[in-house]
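2 protein chains.
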Amino acid sequence: MATLKDISVELGLSVATVSRALNGFPEVGAKTRARVQAAAARLGYRPNRSAQRLATGRSGVVGMIVKLRADMSADQTFFDVVTSLTAELSARDLDLVLSVDQGDDPVAPYKRMLERDLLDGFVLNAPVPGDPRPGFLAERGVPFVMHGQAHDAPDYAFYGIDNAAVSADAIALLTTLGHRRIALINGEARFAFAAERAAGFHAAMAAQAGPVPQGFVADGPPTENTGYTLALSWLSGRAGPRPTAILCATTPVAAGVLRAARDLGLSVPGDLSVAAHDDALPNIRPAHFTPALTVTHAPMRDACAPLAQMLIDHLNGAPPARLQTVIRAGLIVRASSGPVPKGEETPWQTT
Amino acid sequence: MATLKDISVELGLSVATVSRALNGFPEVGAKTRARVQAAAARLGYRPNRSAQRLATGRSGVVGMIVKLRADMSADQTFFDVVTSLTAELSARDLDLVLSVDQGDDPVAPYKRMLERDLLDGFVLNAPVPGDPRPGFLAERGVPFVMHGQAHDAPDYAFYGIDNAAVSADAIALLTTLGHRRIALINGEARFAFAAERAAGFHAAMAAQAGPVPQGFVADGPPTENTGYTLALSWLSGRAGPRPTAILCATTPVAAGVLRAARDLGLSVPGDLSVAAHDDALPNIRPAHFTPALTVTHAPMRDACAPLAQMLIDHLNGAPPARLQTVIRAGLIVRASSGPVPKGEETPWQTT
DNA sequence: CCCCCTTCTCAAAACGTTTTAAAAAGCCTG
DNA sequence: CAGGCTTTTTAAAACGTTTTGAGAAGGGGG
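As given, the protein sequences belong to chains S and D, one line each in that order.
Mapping the first sequence onto the numbering used here, position 55 (from 1) lands on 93, and the numbers just tick up by one.
Mapping the second sequence onto the numbering used here, position 298 (from 1) lands on 336, and the numbers just tick up by one.
Put into structure tokens, the structure is as follows:
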């Protein structure tokens, strides 16, 4: 392996100049820099990470914890995020260490990783209300960025979508189409994002369609089966008046709802409108559902570049309270949403 | 953070002695070592990993790749292994970096990780016949250990179970009970372990029960659904003569088979015997199935300590061809296996 | 031509460990 | 107590970077 010294003797320069030339410092001459870069390429120079780390005091490694479900599985979205995040961090010369956790204590795996003295910081995900992790890490002065927004205006770095708006935008569309009996299949209740969506849903419904009975706001894992089961019970009419529209937390859930409608001989959007939030997982194409699915659209992986950059900035000393981004998901209207069926314009409460 | 030098001035020793004392070198006096250890504990000394790495030329980090399925999910067994492996490696002062891959090229993710110049070696898993990864890594001189055995007596380090024996032991039990029409629900055909089990199955059957028709050796993902679907079709009798015993690649598959038998009103083991191989995943308890499941038993996580140790030995220069372990799974006979039903002792071929 | 200022380069220190080569200390033998 | 051996300790080099503090080269104005 070629070292800085190899390059320096090759060119008759000092290692200091070579180091600066390669790291883009401004005080090195243009032709010198070019010579150095050429020599580095020619000799196949690769900086020794350990030496860099010793000199800079940084490890160049950040951590992320996979929280396993009880059945030892992990979220699809998690892998999508991890894949993109790895790429974005690599581009910024950081490595991502993944660790798997199946315990009950949410901070224990972070503590374990910190004890290994390997990490410069963390990427957190899936915040829950009252999440203890930010406090734990802040207390120890460990930099981190949160993927997903805890609703109570936190003082740490995060990137999230406006979940209240996700609900509000979908409800606005559906109420404009005349729908008043809209049901919600939300994400798992323990997550902060689900609480935000539920709050946004209830607020928007109260303002534009009237209050929603308990039974028509449900939640569950983001699977096709969740959507199928809940929709089947609602649409059969056994649980009370039938919703004319169902809003889903994810596209797999919406797929289940569509299947339930099909099985019951209901047409979408003739008898039922369906909308969902779309995390844009690579293997799911809501535009190709039959009918094509109306969604609020916010690709999970879009968060990765900002998260990586925020973490770098944080490591470089930027105040975390400045590193906060909330984006608004886009609304994509497709064929699964349509006008309310004639005679079904009555809200939940009056029925 | 306290450094070696801090300890050395505190005690009036040289850093060399302190370093040696803490690293267990034999040439340091007993009382000196005790003094050093006490001082280290008192000052809260933690070695600087970056400095260690620079000095030793090792990174202390090994990698492992998660190969995602097409639906972006990952094996349950994978997480079980990763959890234990992390613990075992930590105990040996190594860190595990997990990377996620969803591409088609099996070596690309390894190449990518090597380019990051972070790793000392790899843990590979899930070998396939003709796996290109060992060759790729060996060519570059990158140490690695394989979890799972490729059947063709490889020259690299590995830890695996004797998959032919897994089949043979189960078949020996079932044939002793009089069964001749035994069907196999194997693991996914692309994996080497499945090929070995299939070969062992066919060999044992040929010797003790006669050849098995194509249709009664099937494979699929290791899910309950796989077992249910296949068993339903076989036991309905539509596919030909009914098997009197079904051997399953995993316990979830066996759970599906048991459900199918239940749905068809067949008693286990009265009408059908069921056996499976048990990887001993923490959330699945074959002893509590109804009836309790007869299995060949080889906990996945038992591989982790040997794998970690082999990798260390390999990093320390042990010849990989010496680091090979094949263990034999234990046979645990429970209630799901019993004597062949009267009049059903005829083998596949004569029916 | 001198001086000053800017632009560029350099030698050396620093990061905290491990390892080498050698010296010091301790012990025994004769 | 000299000599030789073993045990214990040491100073210094090495690992390959980054960073500091200073000096050299280059250019322009007086």
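Beta carbons: idealized from backbone N, C-alpha and C, even for Gly.
Taking Cβ positions, are D:S375 and D:T332 nearer each other than 8 Å?
yes
Report the CB separation of S:L212 from S:S311 in whole angstroms; it is logged as a contact under 8 Å.
6 Å
Partners in chain S for D:A89, counting only beta-carbon separations shorter than 8 Å:
L92
Taking 8 Å as the threshold (beta carbon to beta carbon), is S:S97 in contact with chain D?
yes
Residue interval of the beta strand (DSSP E) (run including D:Y197)
A195 to I199
Burial state of D:R87 (16 or more Cβ within 10 Å)
buried
Measure the alpha-carbon distance for D:A292 versus D:Y194 and round it to whole angstroms.
33 Å
Between S:G303 and S:G265, which are expected to be in contact by the criterion C-beta below 8 Å, what is the C-beta distance as a whole number of angstroms?
In fact, because the Cβ distance is near 17 Å, the residues do not count as touching under 8 Å.
Do you know how far the Cα of D:L106 is from the Cα of S:L215?
41 Å
Could you check the C-alpha separation between D:S46 and S:A89 for me, to the nearest Å?
24 Å
S:K380 (DSSP reduced to helix, strand or coil)
coil
Measure from the C-beta of S:M110 to each C-beta in chain D and report whether the shortest distance is under 8 Å.
yes
List the DSSP bridge partners of S:C286.
S:I223 and S:A314
Inter-residue spacing [alpha-carbon to alpha-carbon] between S:V100 and D:R154:
14 Å
Is it true that the CB of D:M184 sits closer than 8 Å to the CB of D:P172?
yes
Is D:G216 helix, strand or coil by DSSP?
coil
Take S:T70 and list the residues in its own chain whose beta-carbon comes closer than 8 Å to its own, dropping the five residues that flank it on each side.
L51, T55 and A59
Under 8 Å, Cβ to Cβ, is there at least one residue of chain S near D:S57?
no
Going along the chain, which unbroken runs of the beta strand (DSSP E) with 3 or more residues stay wholly within the stretch 239-268 of chain S?
255-257
Can you list the residues of chain S that D:T267 reaches, using a CB-CB cut of under 7 Å?
Under the 7 Å cutoff, chain S gives no residues; its nearest Cβ is about 16 Å from D:T267.
Members of the stretch 301-332 of chain D that neighbour chain S once the beta carbon cut-off is set at 8 Å
L319, P320 and N321
How long is the line joining the alpha carbons of S:D158 and D:Q252, rounded to whole angstroms?
56 Å
I'd like to check one pair, D:W386 with D:P279: are the Cβ atoms closer than 8 Å?
yes
Report buried or exposed for S:R219, applying the criterion of at least 16 other Cβ atoms within 10 angstroms of its Cβ.
buried
Threshold first: 4 residues or longer. Then list the alpha helix (DSSP H) segments lying entirely within the stretch 79-145 of chain S, N to C.
87-94 and 114-129
Name the chain D residues whose beta carbon is nearer than 7 Å to that of S:S137?
T124
Counting C-beta neighbours from all protein chains within 10 Å, is the total for S:P165 16 or more, i.e. buried, or is it exposed?
buried
May I have the straight-line CA-CA distance separating S:R366 from S:A336, to the nearest angstrom?
8 Å
Nearest to S:L390 (by Cα), restricted to the options S:N354, S:L136, S:T334 and S:V145
Outside the shown range of chain S, which is 39 to 389, sits residue 390 of chain S, and nothing can be said about it.
Spatial neighbours of D:A78 within its chain, please: CB distance less than 7 Å, with the 5 preceding and 5 following residues excluded, ordered by chain position.
I45 and L60
Looking only at its own chain, which residues have a Cβ that is under 7 Å from the Cβ of S:M108, when we skip the five neighbours before and after it?
Residue identity check: residue 108 of chain S is Ala in the sequence provided, not Met. Result list for S:A108: empty, nothing under 7 Å.
Excluding sequence positions up to five away, which residues of its chain have a Cβ less than 6 Å from the Cβ of S:P181?
G159, H352 and L353
Interface positions of the stretch 141-174 of chain D facing chain S (Cβ-Cβ less than 7 Å), listed along the chain
R154, D155 and L156
Residues sharing a beta bridge with D:L369, DSSP
D:T334
First and last residue of the uninterrupted alpha helix (DSSP H) at S:G179:
No alpha helix (DSSP H) holds S:G179; DSSP gives it neither H nor E.
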